[in-house]
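Asker:
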Amino acid sequence: METIAACVPIYGATALIPYVTELFDALKIEIFHATDSALEDAALAAMHRIVATLSTGISITAVGDPTEKALKPLITECMVNLKEPEAKNLKPAGRILRAAASASDPACNAIVNAAVPILLRQCKESDLATRKKAILDVLLEFLEASRTLYGSIDDTNDGTRKRKRDPISLSPSLGRRVVVAPSLSRLPSHSFSPFTVSSADQDFVTPLLTYKDRFFEAFGGALMASNEYNALRLTGLKGLRLMTLLRQYLSINEVGIAVQSFDQILLDVDDVELRTEALKSLYMIAHHRPAPLLESTIPSLVAQLPDSLDDPAVSHRSYEKTLHALGELAVEPALFAITIPELLKKLDRVSNTGSVNNSAYPHAILFTVLAVLNIKLAQAHADVGPCITTIVPRLVTKSVELATSDLEEDSVWRDVATLQIVANIVAVVLRHLDVSYVVMYSLDFGLLFQFPPEFDT
326 METIAACVPI YGATALIPYV TELFDALKIE IFHATDSALE DAALAAMHRI
376 VATLSTGISI TAVGDPTEKA LKPLITECMV NLKEPEAKNL KPAGRILRAA
426 ASASDPACNA IVNAAVPILL RQCKESDLAT RKKAILDVLL EFLEASRTLY
476 GSIDDTNDGT RKRKRDPISL SPSLGRRVVV APSLSRLPSH SFSPFTVSSA
526 DQDFVTPLLT YKDRFFEAFG GALMASNEYN ALRLTGLKGL RLMTLLRQYL
576 SINEVGIAVQ SFDQILLDVD DVELRTEALK SLYMIAHHRP APLLESTIPS
626 LVAQLPDSLD DPAVSHRSYE KTLHALGELA VEPALFAITI PELLKKLDRV
676 SNTGSVNNSA YPHAILFTVL AVLNIKLAQA HADVGPCITT IVPRLVTKSV
726 ELATSDLEED SVWRDVATLQ IVANIVAVVL RHLDVSYVVM YSLDFGLLFQ
776 FPPEFDT
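Position one of the sequence shown corresponds to residue 326 (our numbering), numbered consecutively onward.
1) When you compare only the Cα positions, how much space is there between residue 417 and residue 352?
2) Roughly how many angstroms lie between the CA atoms of residue 642 and residue 429, to the nearest whole one?
3) Would you report the Cα separation of residue 465 and residue 340, rounded to the nearest angstrom?
4) Short of 7 Å in beta carbon distance, which residues of its chain neighbour residue 683, apart from the five on each side in sequence? Order them along the chain.
5) Count the other C-beta atoms from every protein chain shown that fall within 10 angstroms of the C-beta of residue 577, then say buried if there are 16 or more, exposed otherwise.
6) Quick check on DSSP: helix, strand or coil for residue 724?
7) Going by CA-CA distance only, name the one from 455, 452, 457 and 366 that's closest to residue 425.
8) For residue 752 and chain B, any beta-carbon pair shorter than 8 Å?
9) If you follow the alpha helix (DSSP H) that residue 580 is part of, which residue opens it and which one closes it?
10) Along the chain, where does the alpha helix (DSSP H) containing residue 629 start, and where does it finish?
11) Does the structure place the stretch 641–660 close enough to the stretch 686–702 that three or more beta carbon pairs sit under 8 Å?
12) Measuring CB atoms only, is the stretch 437–456 touching the stretch 359–378, in the sense that at least three cross pairs come out at less than 8 Å?
13) Quick one: Cα of residue 395 to Cα of residue 611, how far?
14) CB residue 454 to CB residue 392, shorter than 8 Å?
15) What's the call for residue 647, buried or exposed, on a 16-neighbour Cβ count within 10 Å?
16) So, are the CB atoms of residue 562 and residue 603 less than 8 Å apart?
17) Which residues share a DSSP beta bridge with residue 477?
18) Look at the alpha carbon of residue 544 and the alpha carbon of residue 630, and state the distance between them as a whole number of angstroms.
19) Can you tell me the Cα-Cα spacing of residue 669 and residue 740, whole angstroms?
20) Would you call the CB atoms of residue 664 and residue 623 closer than 8 Å?
21) Give me the Cα-Cα distance between residue 688 and residue 713, rounded to the nearest whole angstrom.
22) Tell me the rounded alpha-carbon separation between residue 347 and residue 398.
23) Excluding five sequence neighbours on each side, which residues of the same chain lie with their C-beta closer than 7 Å to the C-beta of residue 558?
24) Name the two residues that bound the continuous alpha helix (DSSP H) containing residue 605.
25) What are the boundary residues of the alpha helix (DSSP H) that includes residue 437?
26) Going by the beta-carbon positions, is the gap between residue 588 and residue 555 smaller than 8 Å?
27) Just verifying my parser: in three-state terms, what is the DSSP assignment at residue 703?
28) Would you say residue 710 and residue 649 are within 8 Å of each other, going by their C-beta atoms?
29) Leaving aside the five residues before and after residue 329 along the sequence, list all residues of the same chain whose C-beta is less than 6 Å from its C-beta, in chain order.
30) Would DSSP call residue 362 helix, strand or coil?
31) Under the rule that 16 or more other beta-carbon atoms within 10 Å means buried, what is residue 560, buried or exposed?
32) Residue range of the alpha helix (DSSP H) that residue 332 falls in?
33) Identify, in the order they occur along the chain, each residue of the same chain with its Cβ nearer than 8 Å to the Cβ of residue 477, setting aside the five sequence neighbours on each side.
34) Sort 326, 639 and 337 by Cα distance to residue 350 and report the nearest one.
35) Sort 748, 539, 532 and 594 by Cα distance to residue 553 and report the nearest one.
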């Protein structure tokens, strides 16, 4: 099967057409009756290569569309399996269609238009959660195929850059363009991953665009389902996430709707797996489209944090989940500049009346800031250094004022543990600066302690 995957692009579509049915039949057996995931992946990769080759370099006006003609019996057989979501062949059928659909634009159009309307209708008519999940899992395969073939927002900041493609050469025997096969080391080991994308295909628009609203309804409804079957909700979440990541698929307003759904999970759901996936989705979106998170996610999470140490959430430590979410998201530069100041405002509110004996929550906020800075320092983010003029003065001012004052108030800022966390935050920021700046700011810090009464915030 690896040999087939490597050779079919070299022989080309003309030589391949007489044997397509026989090749598909042999590969289907390996997929439907797979005893080893590596063999199944190799069969899927070979099928992908065959379909991609059929779509390359043939004169359609002369011989008709070889892709659609070759795929017709394959689609028909897979659709028989897709009409029975409880059947064991449902997942293999979905993977076959994904492998073929991700190979070329003609293949994707033929498969999507044949399968997706039926699957969406089945999903809408099904009241059984397990059946609905099985159908949505297949729809996920189509989203993955579209992401492979037409690109994703990961390709560039605006989601429009063409990805790198395999080298192209001219076949001396057939006088047409063919995709040069990669080395066998690039064949999949444990998970199917298509290899080639035609240079023309990424200029097309995904046929899934026609079904965007129905996809939103299906996956969004699954995510917000009130039943206790979390597997269905996870599938819905993954579907919405994939939709937000497809190139030129959702508008910024539609991304905002998906973001609000993910926010709702973080705000209202305790299930660890759902929260983890929602957080992962938000982080992936934030890198390219941070605006919805700045408008919705960050304000909602900050508002959920207690404003007072008397809040029951403090004694129950329920703030820990919220701080974890904010800490994960704040690593993204676009969110960092907004999130950290909001956390420090919250710290000011709770620390003014807090005592050394009730410092867990203020410490948790400071530890969150420290953790974010450590991660950003490790990833060499450029926005750590400027914190020397924003975060650092704010924390050092508060620490020095109360630590050196004559007041005998019992404050969190008089706690040695608090001062240690602040010192670590300052140290992380200083490590990002040139030596000359480190010396200069170190002298400034010393002056604060030398003349504390004259220090003005």
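In this text, a Cβ means the ideal position worked out from N, Cα and C, and glycines have one as well. From a predicted model like this one, the values you see are computed outputs, not experimental measurements.
Answerer: Quick answer:
1) Cα-Cα distance, rounded: 12 Å.
2) So the alpha carbons of these two residues sit roughly 52 Å apart.
3) About 34 Å.
4) For residue 683, where only same-chain residues beyond five positions count, the Cβ hits under 7 Å are 634.
5) Result: exposed.
6) The answer is helix: DSSP assigns residue 724 an H, G or I state.
7) Comparing Cα positions, the closest option is 366.
8) Included in the structure is just one protein chain, with no chain B present.
9) Judged by DSSP secondary structure, residue 580 falls within the alpha helix (DSSP H) whose first and last residues are 577–593.
10) Where residue 629 is concerned, the enclosing alpha helix (DSSP H) stretches over 623–629.
11) The way I'd put it, the stretch 686–702 does touch the stretch 641–660; three or more beta-carbon pairs between them come closer than 8 Å.
12) Contact annotation: the stretch 437–456 does not touch the stretch 359–378, with fewer than three C-beta pairs closer than 8 Å.
13) Whole-angstrom Cα-Cα distance: 41 Å.
14) With contacts defined by Cβ atoms closer than 8 Å, residue 454 and residue 392 do not form a contacting pair.
15) It counts as buried.
16) Contact: yes.
17) Residue 477 is bridged to 571.
18) The alpha-carbon atoms of residue 544 and residue 630 are separated by roughly 29 Å.
19) Near 17 Å, if we compare the C-alpha coordinates of residue 740 and residue 669.
20) Yes, Cβ-Cβ distance for residue 664 and residue 623 is below 8 Å.
21) Rounded to the nearest angstrom, the two C-alpha atoms are 20 Å apart.
22) In this structure, the alpha-carbon of residue 347 lies about 12 Å from that of residue 398.
23) Counting only residues of its own chain and dropping the five nearest sequence neighbours on each side, residue 558 has a CB closer than 7 Å to the CB of 547, 548, 550 and 599.
24) Residues 597–611.
25) Counting along the chain, the alpha helix (DSSP H) containing residue 437 begins and ends at 430–450.
26) By the CB criterion at 8 Å, residue 588 and residue 555 fall outside the cutoff.
27) Residue 703 sits in a helix when the DSSP states are folded into three classes.
28) With respect to residue 649, residue 710 sits apart: the two C-beta atoms are not nearer than 8 Å.
29) Short of 6 Å from the beta carbon of residue 329, and not among the five residues preceding or following it, lie these beta carbons of its own chain, in chain order: 371.
30) Helix at residue 362.
31) So residue 560 counts as buried.
32) First-last of the alpha helix (DSSP H) with residue 332: 327–341.
33) Excluding positions up to five away in sequence, the list reads 484, 570, 571 and 572.
34) The candidate whose alpha carbon is nearest that of residue 350 is 326.
35) The shortest Cα separation from residue 553 among 748, 539, 532 and 594 belongs to 594.
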